[in-house]
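As structure tokens, the structure follows; a few thoughts come after it.
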Amino acid sequence: MRDVAVVSFAQTKNVRRENRRNEVEMLIPVVQEAVEKSGIPKQEIGFYCSGSSDYLAGQSFSFVMAVDSLGAWPPIAESHVEMDGAWALYEAWIKIQCGEADSALIFSFGRSSPGMIRETLTLQLDPYTLAPLGADPVCLAALQARALLESSDYSEREMAEVAARSRADAKSNPYAQLTGDFDVDELLAEPYFVSPLRKHDCPPISDGATAMVIAADDVARNASKRPAWIRGIDHRVESHQLGLRDLAQSTSTALAGEKAGAVDIDVAELHAPFSHQELILRDALKLGDGVKINPSGGALAANSVMVAGLTRIGEAANAIWNGNARRALGHATSGPCLQQNLVCVLEGE
Amino acid sequence: MAEHCAVIGVGQTKHDAKRIDVSQFGLVREAAERALEDAGLTYADIDAVVIGKAPDMFEGVMMPELMLADSLGAAGKPMLRVHTAGSVGGSTAIVAASLIQAGVHDRVLTVTYEKQSESNAMWALSVKVPFQQGMVAGAGGYFAPLIRAYMKRSGAPEDTGIRVALKDRLNALKNPYAHLKLPDIDFDQIANSPMLWDPIRYLETCPSSDGACAMVLVNSSAAKKAPKKPAWIHATAMRTEPTMFSGRDQVNPQAGQDCARVLYKKAGISDPRKEIDCCEIYVPFSWFEPMWMENLHFAPESEGWKMTYEGATALDGDLPVNMSGGVLSSNPIGASGMLRFAEVANQIRGEAGEHQVDGAKKGFGHAYGGGSQFFSMWIVGDQPL
Amino acid sequence: MSEEKQPVKSIVTPSRLEYDFTPGIATTRFLRHMQEGRIVGQRCTKCAKVYIPARGSCPRCGVATEEEVEVGPNGTVTTFCVVRVPSENIDLTLPYTAAHILLDGADIPFFALIQECDAADVRMGMRVEAVWAPEAEWGPTFENIRYFRPIDEPDVPFEDFKEHL
Numbered sequence: 217m218r219d220v221a222v223v224s225f226a227q228t229k230n231v232r233r234e235n236r237r238n239e240v241e242m243l244i245p246v247v248q249e250a251v252e253k254s255g256i257p258k259q260e261i262g263f264y265c266s267g268s269s270d271y272l273a274g275q276s277f278s279f280v281m282a283v284d285s286l287g288a289w290p291p292i293a294e295s296h297v298e299m300d301g302a303w304a305l306y307e308a309w310i311k312i313q314c315g316e317a318d319s320a321l322i323f324s325f326g327r328s329s330p331g332m333i334r335e336t337l338t339l340q341l342d343p344y345t346l347a348p349l350g351a352d353p354v355c356l357a358a359l360q361a362r363a364l365l366e367s368s369d370y371s372e373r374e375m376a377e378v379a380a381r382s383r384a385d386a387k388s389n390p391y392a393q394l395t396g397d398f399d400v401d402e403l404l405a406e407p408y409f410v411s412p413l414r415k416h417d418c419p420p421i422s423d424g425a426t427a428m429v430i431a432a433d434d435v436a437r438n439a440s441k442r443p444a445w446i447r448g449i450d451h452r453v454e455s456h457q458l459g460l461r462d463l464a465q466s467t468s469t470a471l472a473g474e475k476a477g478a479v480d481i482d483v484a485e486l487h488a489p490f491s492h493q494e495l496i497l498r499d500a501l502k503l504g505d506g507v508k509i510n511p512s513g514g515a516l517a518a519n520s521v522m523v524a525g526l527t528r529i530g531e532a533a534n535a536i537w538n539g540n541a542r543r544a545l546g547h548a549t550s551g552p553c554l555q556q557n558l559v560c561v562l563e564g565e
Numbered sequence: 512m513a514e515h516c517a518v519i520g521v522g523q524t525k526h527d528a529k530r531i532d533v534s535q536f537g538l539v540r541e542a543a544e545r546a547l548e549d550a551g552l553t554y555a556d557i558d559a560v561v562i563g564k565a566p567d568m569f570e571g572v573m574m575p576e577l578m579l580a581d582s583l584g585a586a587g588k589p590m591l592r593v594h595t596a597g598s599v600g601g602s603t604a605i606v607a608a609s610l611i612q613a614g615v616h617d618r619v620l621t622v623t624y625e626k627q628s629e630s631n632a633m634w635a636l637s638v639k640v641p642f643q644q645g646m647v648a649g650a651g652g653y654f655a656p657l658i659r660a661y662m663k664r665s666g667a668p669e670d671t672g673i674r675v676a677l678k679d680r681l682n683a684l685k686n687p688y689a690h691l692k693l694p695d696i697d698f699d700q701i702a703n704s705p706m707l708w709d710p711i712r713y714l715e716t717c718p719s720s721d722g723a724c725a726m727v728l729v730n731s732s733a734a735k736k737a738p739k740k741p742a743w744i745h746a747t748a749m750r751t752e753p754t755m756f757s758g759r760d761q762v763n764p765q766a767g768q769d770c771a772r773v774l775y776k777k778a779g780i781s782d783p784r785k786e787i788d789c790c791e792i793y794v795p796f797s798w799f800e801p802m803w804m805e806n807l808h809f810a811p812e813s814e815g816w817k818m819t820y821e822g823a824t825a826l827d828g829d830l831p832v833n834m835s836g837g838v839l840s841s842n843p844i845g846a847s848g849m850l851r852f853a854e855v856a857n858q859i860r861g862e863a864g865e866h867q868v869d870g871a872k873k874g875f876g877h878a879y880g881g882g883s884q885f886f887s888m889w890i891v892g893d894q895p896l
Numbered sequence: 002m003s004e005e006k007q008p009v010k011s012i013v014t015p016s017r018l019e020y021d022f023t024p025g026i027a028t029t030r031f032l033r034h035m036q037e038g039r040i041v042g043q044r045c046t047k048c049a050k051v052y053i054p055a056r057g058s059c060p061r062c063g064v065a066t067e068e069e070v071e072v073g074p075n076g077t078v079t080t081f082c083v084v085r086v087p088s089e090n091i092d093l094t095l096p097y098t099a100a101h102i103l104l105d106g107a108d109i110p111f112f113a114l115i116q117e118c119d120a121a122d123v124r125m126g127m128r129v130e131a132v133w134a135p136e137a138e139w140g141p142t143f144e145n146i147r148y149f150r151p152i153d154e155p156d157v158p159f160e161d162f163k164e165h166l
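Protein chains in written order, with the working numbering: chain A, 217 to 565; chain B, 512 to 896; chain C, 2 to 166.
Structure representation (structure tokens):
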């Protein structure tokens with residue numbers, strides 16, 4: 217296996233509504249920033265891969281316009297996944313492992329504001345038996361939260377604590393959207409949104425874009441003072457039918473974490489759009505009390521769909537570059553109730 | 512360096528205008544199960560699944576890999592979903608191969624499909640997006656002006672497209688899976704068919720199909736245990752260029768030329784016309800055959816049409832093209848690219864039945880998408896490179 | 002009374018999603034110019050090519066574009082096709098001609114309709130002019146230009162525009 221590291225990461229400020237710039241205009245500055253910060257000349261980047269969704273954008277082939285932000289001339293080796301950018305990172309990492317490239321630019325973009333995000337994500341469900349029920353992601357998350365509360369010692373208080381801590385930590389993240397100091401008791405006094413979830417247990421609706429450069433061996437060492445080496449990366453999917461899963465556990469996260477070698481972690485960026493999901497993921501990855509979770513504020517502070525997963529990995533790299541972690545973990549999720557999960561373990565030397 | 516990767520199983524559905532006899536799950540499983548049987552394996556033997564398809568609006572399901580996880584035996588495994596427009600069938604095969612070549616997995620199942628009848632592909636393609644110029648003339652209307660430009664540049668005879676269509680449609684009669692089979696097809700029928708987007712006629716155009724294609728890709732040690740002859744992947748390549756920029760040659764795109772050059776170099780091929788035994792290339796409108804023959808360096812610029820005229824690209828020619836009947840005969844958009852890659856793999860494996868090219872040892876598979884801007888290609892051979 | 006129950010073979014589930022589209026900064030400026038009856042492109046600082054419609058960046062160089070350059074209203078047909086088949090969402094009488102038109106001053110063709118001309122008379126190199134909707138109807142939209150029609154100027158030789166094909 218080749219040594220591959222994250223050498224740069226750039227993101228837009230996540231906002232409730234980016235309605236001045238379109239996707240290409242959002243991407244150009246982050247792509248430029250990621251390339252510049254990487255120290256690798258643009259023409260030497262060996263592979264490009266992006267993650268985005270047509271349904272989110274409201275048009276077919278929406279990723280095609282993003283190619284305009286790359287200056288793809290002479291022609292480039294480029295691919296795209298209709299998934300969160302974290303999986304585009306995986307494809308790029310594989311490409312480098314094959315020896316087809318020594319460096320790659322990964323990017324993702326997603327604007328949830330233009331459409332009806334809850335209704336749109338409902339279309340991820342089995343169209344014959346689930347989608348017609350109109351079970352949108354908040355309702356499904358609520359089912360999962362109920363399953364967790366009933367089967368464990370966790371309570372709504374712990375969920376509120378996750379929410380409060382995330383938004384307080386987000387104050388020091390200039391790219392976060394929802395930040396501030398919230399009192400846990402006051403949060404618990406709020407009415408339910410979709411029981412047992414309250415508004416604070418749910419993610420904000422966000423628009424955002426990110427870009428990241430990874431590189432192998434000496435290309436990484438020459439590019440970055442402190443490359444964030446990818447020591448392990450793995451992803452797994454579970455059954456789609458919710459009745460076939462124990463919603464209070466994330467077996468795919470546990471398996472991916474095991475395969476990725478998720479031990480001795482100092483900082484973990486977990487893609488948990490709902491507060492109870494952080495508790496589930498923490499347990500799946502066996503993260504002890506000494507692990508700092510989501511110093512960026514996580515998905516409860518900013519949740520640009522298709523982007524938030526890659527952002528977690530970028531923020532894990534940030535923790536290494538800031539000197540706050542020697543080993544950091546970035547996690548991404550996709551699908552209803554944590555159906556699919558990716559774990560990336562980073563290490564600074 | 513990279514591990515060897517081989518195709519040991521190929522499966523596809525009977526492609527048709529509407530496969531109302533199966534759900535989306537049934538459609539993908541029809542192809543997947545055939546590929547697994549061909550490979551002598553079961554779902555349990557597979558380490559990872561890679562799916563590819565074109566826009567989700569064609570079926571009305573967002574990110575269908577999530578719902579397909581159970582049907583494709585993917586629970587507990589890694590699963591990816593690739594989307595690179597029309598070239599997606601090819602890109603998906605390349606991503607699947609890279610998992611083997613990277614040494615990460617031993618056996619990968621890859622499936623591509625389209626079930627356009629469940630939503631409405633024509634609607635999804637032409638929905639008017641605000642602030643953007645509408646599709647002035649539909650998909651055919653986008654490519655027809657480029658074909659006219661090729662005709663002018665090359666001086667190709669006007670019936671070149673008809674000859675290509677005739678060849679592909681006759682080939683389709685030998686392919687049990689093809690969607691469009693016209694048993695009495697002849698030159699006049701095609702020439703007299705309605706002109707849709709001048710210069711493209713109805714019978715020179717691809718259909719819109721429901722269908723799926725699957726392959727099982729494995730590493731060397733698993734290939735040795737395969738019940739049938741493997742097709743070894745010699746090289747893969749992908750190239751992209753922007754949709755529109757000043758001076759862009761859309762008739763002979765640079766990305767296609769570069770992709771092919773890089774591919775041949777990796778595969779150790781210096782004279783593609785001589786060294787390659789057969790091709791399956793993405794021809795949705797018949798005139799693309801001569802255009803791609805030039806783009807892919809099989810013929811010098813402006814001479815691609817001569818290959819058609821000489822019968823070089825016929826099933827019994829010296830470089831048969833689209834022995835399966837090609838995209839002109841079956842076009843489940845998400846799968847069409849993989850069908851090219853899979854059909855050529857089957858040629859090398861000797862599994863192409865009635866449309867087999869005898870003694871084919873090296874084959875070329877090609878897919879393209881978007882405004883002739885996304886290209887994915889591979890070369891397979893009967894021995895590891 | 003017994004009824005034979007047929008297995009369910011298919012279901013129809015209507016779905017409806019609404020989206021608020023954002024044109025972006027460059028397209029907004031372009032459409033505001035269209036509202037004034039002007040076709041205004043942008044020049045790339047690196048390759049100096051003029052793009053129309055203006056999209057805020059040069060796709061070839063990957064840099065943001067700012068400088069505005071007015072183009073047209075006349076242009077040259079670089080290539081075309083005659084459409085004889087109806088398409089979903091396109092409401093025109095058949096046959097109609099769709100063409101790539103290189104507006105004077107632009108470095109990239111623009112896809113548009115040709116009318117007031119027999120389809121058989123359309124040719125590569127033909128000179129055309131934009132036909133606008135009545136001024137009172139102008140809004141921030143491409144549709145201010147209804148179509149292009151031939152003008153009485155000699156055809157442009159193939160050599161002079163073939164690089165734009």
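A virtual CB, placed ideally from N, CA and C, is assigned to each residue, including glycine.
This structure is a prediction, so every number in the text was calculated from the model and none was measured.
Length of the line joining the Cα atoms of residue i and residue j
i       : j       : result
L538(B) : T747(B) : 27 Å
L577(B) : I449(A) : 20 Å
V483(A) : A273(A) : 33 Å
P54(C)  : A608(B) : 40 Å
N145(C) : T77(C)  : 19 Å
R784(B) : V638(B) : 42 Å
L896(B) : A513(B) : 11 Å
R659(B) : M755(B) : 18 Å
E117(C) : F536(B) : 51 Å
K258(A) : S422(A) : 29 Å
H34(C)  : V41(C)  : 7 Å
A699(B) : T716(B) : The sequence given here places Asp at residue 699(B); Ala does not occur at that position. Looking at the two C-alpha atoms, the distance is approximately 16 Å.
V297(A) : V593(B) : 4 Å
Cβ neighbour criterion (16 or more within 10 Å) applied to residue i
i       : result
W889(B) : buried
W634(B) : exposed
A221(A) : buried
P390(A) : exposed
E5(C)   : exposed
Q360(A) : buried
Q894(B) : exposed
Y408(A) : exposed
E234(A) : buried
H885(B) : Correcting the residue type first, residue 885(B) is Phe in the shown sequence and not His. By the 10 Å Cβ count, F885(B) comes out buried.
Residues sharing a beta bridge with residue i, DSSP
i       : result
H877(B) : M888(B)
S550(A) : Q556(A)
G614(B) : Beta-bridge pairing links G614(B) to no other residue.
M706(B) : R712(B)
Listed by chain order, chain E residues near residue i by CB distance under 8 Å
i       : result
S534(B) : In summary, chain E is missing from the structure at hand, where the protein chains are A, B and C.
_Please list, in chain order, the residues of the stretch 561-590 of chain B that have any C-beta partner in chain A closer than 7 Å._
P566, D567, M568, G571, V572, M573, M574, L577, M578, A580, D581, A585, A586, G587, K588, P589 and M590
*At which residue ranges does the stretch 273-306 of chain A contain complete beta strand (DSSP E) runs of 3 or more residues, listed in the order of the chain?*
294-297
_Counting only Cβ-Cβ distances shorter than 8 Å, please list the residues of the stretch 368-379 of chain A near chain B, keeping chain order._
none
*For the stretch 731-751 of chain B, enumerate the residues whose C-beta is nearer than 9 Å to any C-beta of chain A, in chain order.*
T747, A748, M749, R750 and T751
*Determine which residues of the stretch 620-636 of chain B have a Cβ less than 7 Å from any Cβ of chain A, and write them out in chain order.*
A635 and L636
*asked:* By the 7 Å beta-carbon criterion, what residues does the stretch 694-708 of chain B contribute toward chain C?
replied: P705, M706, L707 and W708
*What residues from the stretch 325-337 of chain A come within 8 Å of chain B, judged by C-beta to C-beta, listed N to C?*
T336 and L337
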